[in-house]
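Below is one structure, written out as structure tokens; comments come after it.
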Amino acid sequence: MFVAIWEYTVADGQTQAFEALYAADGGWAALFAEYPGYLGTELLRAQAPGTCLTIDRWRDEAATRTAWPTAASAMRSATGSATC
């Protein structure tokens, strides 16, 4: 298993939108679900205000490297950003 942990600083007033996009059943997870080897995403709130973590689980690192460029491009097209 390969795990990618991402830390985000969420802009004031954007927490709800961020959580909708990055939750286990959000848009980012739905996009990743189209790729072989994706196992799931978990969204965590850090203790620091405005900070969130996501944990993406993949079968292996190769699956992540295959999916990421295309998924990031699709997210950028949909939201104007590869992250949010």
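Using UniProt numbering, the letters of the sequence shown map in sequence onto residues 1 to 84. Ideal placement from N, C-alpha and C gives every residue a C-beta, glycine not left out. From a predicted model like this one, the values you see are computed outputs, not experimental measurements.
Within 7 Å, strictly: CB atoms of residue i and residue j
i      : j      : result
Gly-50 : Val-3  : no
Ala-74 : Gly-37 : no
Thr-70 : Tyr-22 : no
Spatially closest choice to residue i from the options, by CA coordinates
i      : options                           : result
Trp-68 : Ala-46, Ala-33, Glu-42 and Cys-52 : Ala-33
Gln-16 : Leu-39, Met-1, Ala-30 and Leu-43  : Leu-43
Ala-40 : Arg-76, Ile-5 and Ser-77          : A small fix is needed here, since residue 40 is Gly in this sequence, not Ala. Of the listed residues, the one whose Cα sits closest to Gly-40 is Ile-5.
Tyr-8  : Gln-47, Cys-52, Trp-28 and Arg-45 : Cys-52
Arg-45 : Ser-77, Phe-18 and Arg-76         : Phe-18
According to DSSP, residues forming a beta bridge with residue i
i           : result
Val-3       : Arg-57
residue 110 : The requested residue 110 does not occur in the structure, where the chain is confined to residues 1 to 84.
Okay, do the stretch 6-20 and the stretch 57-64 touch, 3+ Cβ pairs below 8 Å being the bar?
no
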